[in-house]
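Visitor: Okay, handing you the structure first.
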Amino acid sequence: MASRTEWTDDAKAQIYVQWIANNRNVRKTSREFGVPHSTLRHWVKEWEESGPPEDIEDKIANEAYEFVHHANRVREQAMLKLEELIPQAESKQLSAIATVVGIMGDKIRLASGLATKRTENTYVLPSKQDVQELMGAFVEGIVSAAEDRTSEIIDVEVVEQPILGLPSVKE
């Protein structure tokens with residue numbers, strides 16, 4: 298009968314940080330640490346429902362710091378190698394190293410809790426003709442509303458009424 302592996306809090310914290318850095322990919326994280334997929338899936342379910350356990354939060358912060366520090370060193374080394382190889386390297390080598398730089402940058406941002414994607418909004422202004430049509434319709438609407446209001450106004454004759462109940466003023 299197979300024995301169950303007990304995972305230390307340090308190991309769980311390291312696995313949690315790597316799971317985040319792997320963009321929450323359970324299979325990849327499971328392979329990297331040798332954690333049975335079902336075990337990691339169970340932990341992830343708990344983490345997603347209520348966050349990581351309080352007793353390992355400090356260890357997670359420390360592991361995240363260590364991971365980001367190490368990833369920055371690897372990225373820096375890849376960038377130095379890329380710079381060194383640029384004059385004589387083939388495009389395949391440059392592409393591979395540039396990929397490492399990009400992946401490490403994404404992992405650093407994920408582990409640091411920063412966004413890894415950028416959203417751009419593009420606004421297209423209406424054409425001159427569309428603006429003219431819109432303004433023409435707007436002016437027509439205003440004129441129509443003014444005409445409707447004018448037709449609803451009822452002319453009345455104002456007749457002064459005597460003030461009742463008050464004595465008249467004597468001069």
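Each residue of the sequence shown is one higher than the one before, starting from 298 at the first, in this note's numbering.
A virtual CB, placed ideally from N, CA and C, is assigned to each residue, including glycine.
Assess, as a yes-or-no matter, whether the stretch 359-372 is touched by the stretch 385-404 under the definition of 3 or more beta carbon pairs within less than 8 Å.
Guide: Segments in contact, yes.
Visitor: The alpha helix (DSSP H) spanning isoleucine 450 covers which residue range?
Guide: Neither: isoleucine 450 is in no alpha helix (DSSP H) and is coded neither H nor E.
Visitor: Should alanine 368 be labelled buried (16 or more other beta-carbon atoms within 10 Å of its own) or exposed?
Guide: Buried, since its Cβ has 16 or more Cβ neighbours within 10 Å.
Visitor: For histidine 334, collect the residues of the same chain with a Cβ closer than 8 Å to its Cβ; drop the 5 residues on either side in sequence, then sort them by chain order.
Guide: Hits under 8 Å: Val323, Arg324, Ser327.
Visitor: Hey, quick one: how far does the alpha helix (DSSP H) through tryptophan 344 stretch, first residue to last?
Guide: Residues 334-347.
Visitor: Identify which residue in Tyr362, Gly348, Leu461, Asp352 has its Cα closest to the Cα of arginine 406.
Guide: The candidate whose alpha carbon is nearest that of arginine 406 is Tyr362.
Visitor: Glycine 331 to asparagine 418, Cα distance in whole Å?
Guide: Going from the Cα of glycine 331 to the Cα of asparagine 418 covers about 42 Å.
Visitor: Taking the C-alpha atoms as reference points, what is the distance between glutamate 384 and glutamine 390?
Guide: The sequence shown places proline at residue 384, rather than the glutamate named in the question. Answer to the nearest angstrom: the Cα atoms are 12 Å apart.
Visitor: Work out the CA separation of aspartate 403 and alanine 393 for me, nearest whole Å.
Guide: One C-alpha to the other measures close to 15 Å.
Visitor: Taking 7 Å as the line, does the beta carbon of serine 335 fall inside it for any heavy atom of the ligand ATP?
Guide: This structure lacks the ligand ATP; in fact it carries no ligand of any kind.
Visitor: Would you kindly work out how many angstroms separate the C-alpha atoms of glutamine 458 and glycine 438, rounded to a whole number?
Guide: Those two C-alpha atoms are separated by around 41 Å.
Visitor: Whose C-beta lies closer than 8 Å to the C-beta of isoleucine 312 among residues of the same chain, with five residues either side of it excluded?
Guide: Correct list, in chain order: Trp304, Thr326, Phe330, Val332, Leu337, Trp340.
Visitor: Helix, strand or coil: how does DSSP classify isoleucine 405 here?
Guide: Note: isoleucine 405 maps to helix in three-state DSSP.
Visitor: Determine the closest residue to serine 448 out of Val365, Val455, Val440, with distance taken between C-alpha atoms.
Guide: Nearest option by C-alpha distance: Val440.
Visitor: Give the DSSP-derived three-state secondary structure of glutamine 426 in the structure shown.
Guide: In the structure shown, glutamine 426 sits in a helix (DSSP, three-state: H, G or I).
Visitor: Assign isoleucine 317 to one of two classes, buried (16 or more other C-beta atoms within 10 Å of its C-beta) or exposed (fewer than that).
Guide: Buried.
Visitor: Could you tell me the distance, in whole angstroms, from the CA atom of glutamine 315 to the CA atom of tryptophan 344?
Guide: For glutamine 315 and tryptophan 344, the distance between alpha carbons rounds to 14 Å.
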